[in-house]
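Residue numbers (full-length UniProt numbering): 1 to 435.
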């Protein structure tokens, strides 16, 4: 039997334009994101679930691999995969398909960005309490695929908690629904969480239903400055108290350990926020710590600056572990990262309640000349009992530092992948173990 050859990107684009009535063109992957392959691919712009299903069916019929994406912002994250035959843009899918303010839920297509969704919710006095370390023009679909969450996870939970239902197109052309469009749902296995952080390897999400919260009546952030031992002691006192901060982060936006401060955020009415600030002053009175409070837009601007400092540099390392061990390791981690950074220095934030830290920097020219440039940070993490993930970096660096899992866990994941995508057409290589 003669081997079946794949159609060229131009042939794929022509066929899809005729058969599916979608916009398609030929372009190199590096035109979508600079760090991707220079190999030509067929870029398909899907404007509806029907077009997604049709494109997947065509891909399966011809044995073509597919990479869904939104703005392309998050292609520099996660495992390094193979260049796809079809790059499936979901950015045109920008509708809010259902919005029930009274039930605190909204359903959106995957191409909607955080920046586009926020004002729609704010008109009804609502918000999505989600602050991922990513640009505001990142799409909901891309963020769900990457499974990113930010400091607000301390109070509101991660994206796994906020996404309560999905519609997913499978490679065989079927569309499944997971979860339910209600906040309380106890029906069957929670399949929704399976797709969050799966990097698009199990299906193409065509709709996401999200749990909302009322906009805070008052926003106040207290910035505590002092020695590292004092800040760690204050964090411990907060964790053992009855305070309920919406964010609690050890933050550095300079180039050395002396730059650390502890940021304590409060999404409560003004009287409650003031009461929390008073408690913090009492807690820190014997620690030699100075406190500064920022309110409303000033507090928002401070957190937005932190998000930008974490989201913009080309390298971002995520560390995870028990909060006490994580925070204690941060000065040494920051020193190691500073030795690799350019003049812009290092930005870091470590969750005092979540146990998740990120260290971001733009590397100096000489920093990555060695074969294992991040080995120093990796060794520090291992000695501290922390897990390290290279969350964002040039492809050659991410390829050297892939997360490891026990063989039994990888085997279970492989069975899941084979069940949902038996022909390995979706995002091959972009998950753990090269799946």
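From the three backbone atoms N, C-alpha and C, an ideal C-beta is built for every residue, glycine too.
Does the beta-carbon of residue 46 have 16 or more other beta-carbons within 10 angstroms, so that it is buried, or is it exposed? Taking the chain shown and counting its residues from 1, the one referred to as residue 46 is at position 46. Buried, since its Cβ has 16 or more Cβ neighbours within 10 Å.
Can at least three beta-carbon pairs, one atom from the segment 407–422 and one from the segment 352–365, be found at a separation below 8 Å? no
Hey, would you say residue 205 sits closer than 8 Å to residue 399, going by beta carbons? Here residue 205 is taken as the residue at index 205 of the chain shown, counted from 1. Here residue 399 is taken as the residue at index 399 of the chain shown, counted from 1. No, they are not a contact pair.
When you compare the CB positions of residue 31 and residue 42, do they come within less than 8 Å of one another, or not? On the chain shown, residue 31 is found 31 positions in, with the first residue counted as 1. On the chain shown, residue 42 is found 42 positions in, with the first residue counted as 1. No, these two residues do not count as a Cβ contact at 8 Å.
Identify the residues that DSSP records as bridge partners of residue 317: which are they? Along the chain shown, read from residue 1 onward, the residue named residue 317 stands at position 317. Looking at the DSSP assignment, residue 317 forms a beta bridge with 359, 390.
In chain order, which alpha helix (DSSP H) runs of at least 4 residues are fully inside the segment 122–168? 140–146, 153–156, 159–162
Can you list, in chain order, the residues of its chain with a C-beta nearer than 8 Å to that of residue 15? Leave out the 5 residues immediately preceding and following it. Indexing the chain shown from 1 puts residue 15 at position 15. Counting only Cβ-Cβ distances below 8 Å, and skipping sequence neighbours, we find 7, 58.
Residues bridged to residue 25 [DSSP beta-bridge criterion]: Counting from 1 along the chain shown, the entry for residue 25 is found at position 25. The partner list for residue 25 (beta bridge, DSSP) reads 43.
Enumerate in chain order the residues of its own chain whose CB-to-CB distance from residue 136 is below 6 Å, with the five nearest sequence positions on each side excluded. Position 136 of the chain shown holds residue 136. Cβ neighbours of residue 136 beyond the five flanking positions: 114, 115.
Which residues mark the beginning and the end of the beta strand (DSSP E) in which residue 377 is found? Position 377 of the chain shown, counting from 1, holds the residue named residue 377. Not the beta strand (DSSP E): residue 377 falls in the alpha helix (DSSP H), residues 375–383.
Quick check on residue 192: does DSSP put it in helix, strand or coil? As a first step, residue 192 is located in the chain shown; it is residue number 192 there, counting from the start. Note: residue 192 maps to helix in three-state DSSP.
Keeping to the same chain, check which residues put their C-beta closer than 7 Å to that of residue 367; ignore five residues upstream and five downstream. For the purposes of this step, residue 367 is taken as the residue at position 367 of the chain shown. Correct list, in chain order: 340, 373.
Tell me whether residue 163 is buried or exposed, calling it buried when 16 or more other Cβ atoms sit within 10 Å of its Cβ. Residue numbering aside, residue 163 sits at position 163 when the chain shown is read from its first letter. Classification for residue 163: buried.
Beta-carbon within less than 7 Å of residue 26's beta-carbon, same chain only, minus the 5 sequence neighbours each way: which residues are those? Along the chain shown, read from residue 1 onward, the residue named residue 26 stands at position 26. 9, 10, 13, 40, 42, listed in sequence order.
Does the distance from the CB of residue 150 to the CB of residue 219 come in under 8 Å? On the chain shown, position 150 is the one that residue 150 refers to. On the chain shown, position 219 is the one that residue 219 refers to. No. Outside cutoff.
Three-state secondary structure (DSSP) at residue 423? To locate residue 423, count along the chain shown from 1; it is residue 423. In the structure shown, residue 423 sits in coil (DSSP, three-state: anything other than H, G, I, E or B).
State the beta-bridge partners of residue 221 as determined by DSSP. Numbered from 1 along the chain shown, position 221 holds the residue referred to as residue 221. The partner list for residue 221 (beta bridge, DSSP) reads 265, 294.
Hey, residue 68 and residue 90: beta-carbon distance below 8 Å or not? Locating residue 68 in the chain shown gives position 68, counting from the first residue. Locating residue 90 in the chain shown gives position 90, counting from the first residue. Closer than 8 Å, so yes.
Please return the same chain residues whose Cβ sits closer than 7 Å to the Cβ of residue 232, not counting the five positions on each side in sequence. Taking the chain shown and counting its residues from 1, one reaches residue 232 at position 232. Closer than 7 Å at the Cβ level, and outside the excluded window around residue 232, lie 327, 328.
Looking only at its chain, what residues have a beta carbon closer than 7 Å to the beta carbon of residue 3, apart from the 5 residues adjacent to it on each side? As a position in the chain shown, residue 3 is number 3, starting the count at 1. At residue 3, the pLDDT of 49 sits below 50, so the modelled position is not reliable; the number obtained from the coordinates is stated separately. Taken in chain order, the list of residues that qualify is empty.
Which of helix, strand or coil DSSP assigns to residue 238: Here residue 238 is taken as the residue at index 238 of the chain shown, counted from 1. Three-state DSSP puts residue 238 in a helix.
Between which residues of its own chain and residue 175 is the CB-CB distance below 8 Å, once the five residues before and five after are set aside? Working through the chain shown from its first residue, we reach residue 175 at position 175. Cβ within range, chain order: 49, 53, 167, 168, 169, 206.
Proximity below 8 Å, CB of residue 33 to CB of residue 146: Position 33 of the chain shown holds residue 33. Position 146 of the chain shown holds residue 146. Not in contact: residue 33 and residue 146 (Cβ atoms no closer than 8 Å).
Would you mind working out which of 317, 178, 385 sits nearest residue 336, comparing C-alpha positions? Within the chain shown, numbered from 1, the residue matching residue 336 stands at position 336. Residue 336 has its Cα closest to that of 317, out of 317, 178, 385.
In terms of residues, what are the limits of the alpha helix (DSSP H) holding residue 56? Taking the first residue of the chain shown as 1, we reach residue 56 at position 56. Element bounds for residue 56: 49–62.
Which residues does DSSP pair with residue 98 in a beta bridge? Mapped onto the chain shown, residue 98 falls at position 98. Per DSSP, 107.
Terminal residues of the continuous beta strand (DSSP E) containing residue 16? Your numbering for residue 16 matches position 16 in the chain shown. Residue 16 -> not in any beta strand (DSSP E); alpha helix (DSSP H) instead, spanning 9–19.
Buried or exposed for residue 229, please, with buried defined as at least 16 other CB atoms from any protein chain shown within 10 angstroms of its CB. By 1-based counting over the chain shown, the position of residue 229 is 229. By the neighbour-count rule (16 or more Cβ atoms within 10 Å), residue 229 is not buried but exposed.
Three CB pairs or more closer than 8 Å across the segment 232–243 and the segment 121–128: no
Given that a residue counts as buried once 16 or more other Cβ atoms are within 10 Å of its Cβ, and exposed if not, what is residue 415? Working through the chain shown from its first residue, we reach residue 415 at position 415. It counts as exposed.
Using only the alpha-carbon positions, how far apart do residue 267 and residue 394 sit? Numbered from 1 along the chain shown, position 267 holds the residue referred to as residue 267. Numbered from 1 along the chain shown, position 394 holds the residue referred to as residue 394. Their Cα atoms are separated by approximately 37 Å.
Exposure label - residue 5; buried when at least 16 CB within 10 Å: Translated into positions along the chain shown, residue 5 becomes position 5. Exposed, because fewer than 16 other Cβ atoms sit within 10 Å of the Cβ of residue 5.
Is the separation between the beta-carbon of residue 142 and that of residue 70 shorter than 8 Å? On the chain shown, residue 142 is found 142 positions in, with the first residue counted as 1. On the chain shown, residue 70 is found 70 positions in, with the first residue counted as 1. Closer than 8 Å, so yes.
Under the three-state reduction of DSSP, which class applies to residue 324: helix, strand or coil? By 1-based counting over the chain shown, the position of residue 324 is 324. Helix at residue 324.
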